[in-house]
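Below is one structure, written out as structure tokens; comments come after it.
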Amino acid sequence: MMVSCPSNVRLFICCAIFIVWRGAACADSVVESSYASLLDDNCFQPSGDTLYHYAKNDLGVVECRVKNKEIRLFVVSSQERSWIDIAVGDMLWSTEDSIVYSSENQFGNFPNVGSTPVELVVNKKQVLVGFIFRVTAEDRDREDQSSAKISRLFVFGFRKEGACFLGLTDDNSAARSFLQKGVNCRQQLKSSNLVDMGRK
């Protein structure tokens, strides 16, 4: 025999189911951040094929320690500019094009990675889903370039096709919002294989 429930009871049950479902969905998207210092006492010169790969292209490089052993983080520099390269497992992605060559991202002259830590964002399985770091440049609109510095946060995330540039902003909250799944990739990052780098 079927027992009918009052409409207010059905409404309560539906709301309860929605809350449980919403909670489960949020649990699947839980992320957490860790921070990698770019200061000298946390960075060192990489050895072997990695160093050779950068040196043969007339680039300077230091590797900075991160908590997650699956991730390697490099600060790469030319004479007047610097950027971040990041490796997960054997794959290495470079942010050089997004910072140095993309005209839409040129907010100032001579962009360089700042001294603030890199924010590494992982999901609950400790898989890297994105990273954020600050880039400092000279303000084109100021005459005294020695003291006129401006900065922006660059945001990179991982999609099915690999790592890509998602956006830049001067606000921390806005930077993290770029990492949401619905945000489109604006530029694919160049990738290479760490194992093969020293052979080329």
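Take any residue in the sequence shown, note its place counting from 1, add 7, and you have its number in this note's numbering. Heads up, the beta-carbon is just placed ideally off N, CA and C, and yes, glycines get one too.
Q) Would DSSP call Val120 helix, strand or coil? A) Here the question's residue 120 lines up with position 113 in the sequence shown. In the structure shown, the three-state DSSP call for Val120 is strand.
Q: Can you say whether Ser101 is buried or exposed, counting buried as having 16 or more other CB atoms within 10 angstroms of its CB?
A: The residue labelled residue 101 in the question sits at position 94 within the sequence shown. Classification of Ser101: buried, given that the 10 Å Cβ count is 16 or more.
Q) Between the stretch 78-92 and the stretch 34-54, do three or more beta carbon pairs fall short of 8 Å? A) By the criterion of at least three beta-carbon pairs nearer than 8 Å, the stretch 78-92 is in contact with the stretch 34-54.
**Q.** Rounded C-alpha distance that separates Asn112 from Glu145
**A.** Residue numbering aside, residue 112 sits at position 105 when the sequence shown is read from its first letter. Residue numbering aside, residue 145 sits at position 138 when the sequence shown is read from its first letter. Just so you know, the alpha carbons of Asn112 and Glu145 end up roughly 14 Å apart.
Q: Please classify Val202: does DSSP put it in a helix, a strand, or coil?
A: For the purposes of this step, residue 202 is identified with residue 195 of the sequence shown, where counting begins at 1. In this structure, Val202 counts as helix in the three-state DSSP scheme.
Q: Identify whether Val190 lies in helix, strand or coil by the three-state DSSP scheme.
A: By one-based count along the sequence shown, residue 190 stands at place 183. Here Val190 sits in coil by DSSP.
**Q.** Three-pair Cβ contact test at 8 Å for the stretch 84-94 versus the stretch 119-134
**A.** For the pair of segments examined, the stretch 84-94 was found to touch the stretch 119-134: the number of CB pairs separated by less than 8 Å reaches three.
Q.
Could you compute how far the alpha carbon of Arg141 sits from the alpha carbon of Asn179?
A. The residue labelled residue 141 in the question sits at position 134 within the sequence shown. The residue labelled residue 179 in the question sits at position 172 within the sequence shown. Counting only the Cα atoms, Asn179 lies some 10 Å from Arg141.
Q | Beta-carbon separation (whole angstroms), Gln194 vs Asp104, contact threshold 8 Å | A | Taking the first residue of the sequence shown as 1, we reach residue 194 at position 187. Taking the first residue of the sequence shown as 1, we reach residue 104 at position 97. Confirmed, about 7 Å.
Q: Flag this pair as yes or no: are the beta carbons of Phe161 and Cys171 separated by less than 8 Å?
A: Translated into positions along the sequence shown, residue 161 becomes position 154. Translated into positions along the sequence shown, residue 171 becomes position 164. Their beta carbons are not under 8 Å apart, which means Phe161 does not touch Cys171 by this criterion.
Q.
Which same chain residues end up closer than 7 Å to Val38 when comparing Cβ atoms and leaving out the 5 residues on each side of it in sequence?
A. As a working note, residue 38 is residue 31 in the sequence shown. The residues are Val128, Val129, Asn130, Val136.
Q) Around the C-beta of Arg159, are 16 or more other C-beta atoms found within 10 angstroms, so that it is buried, or is it exposed? A) For this step, residue 159 is matched to residue 152 along the sequence shown. Around the CB of Arg159, 16 or more other CB atoms lie within 10 Å, so the residue is classed as buried.
Q | N-terminal and C-terminal residue of the alpha helix (DSSP H) that Thr57 is part of | A | In the sequence shown, the residue the question calls residue 57 occupies position 50. In the DSSP assignment, Thr57 falls within the alpha helix (DSSP H) that extends over 55-62.
Q: Let me know if Ala182 comes out buried or exposed under the rule of 16 or more other beta-carbons within 10 Å of its beta-carbon.
A: Numbered from its first residue, the sequence shown carries residue 182 at position 175. It is buried - the Cβ of Ala182 has at least 16 other Cβ atoms within 10 Å.
Q.
I need the boundaries of the beta strand (DSSP E) containing Asn179, first residue and last residue.
A. One-based indexing of the sequence shown puts residue 179 at position 172. Unbroken run through Asn179 is the alpha helix (DSSP H), 179-184; no beta strand (DSSP E).
**Q.** Rounded distance between the beta-carbons of Asn200 and Asp97, thought under 8 Å
**A.** Within the sequence shown, the letter at position 90 stands for residue 97. Within the sequence shown, the letter at position 193 stands for residue 200. With a contact defined as Cβ atoms closer than 8 Å, Asp97 and Asn200 qualify at about 6 Å.
Q: Find out if the Cβ-Cβ distance for the pair Gly115, Arg147 is shorter than 8 Å.
A: As a first step, residue 115 must be located in the sequence shown, where it is residue number 108. As a first step, residue 147 must be located in the sequence shown, where it is residue number 140. Yes; because the gap between Cβ atoms is below 8 Å, this pair is in contact.
Q: Kindly give me the distance between the Cβ atoms of Thr143 and Lys156, rounded to whole angstroms, as I take these residues to be in contact under 8 Å.
A: What you label residue 143 is simply residue 136 of the sequence shown in a count that begins at 1. What you label residue 156 is simply residue 149 of the sequence shown in a count that begins at 1. Lys156 and Thr143 do touch by the CB rule: their CB atoms are close to 5 Å apart, below 8 Å.
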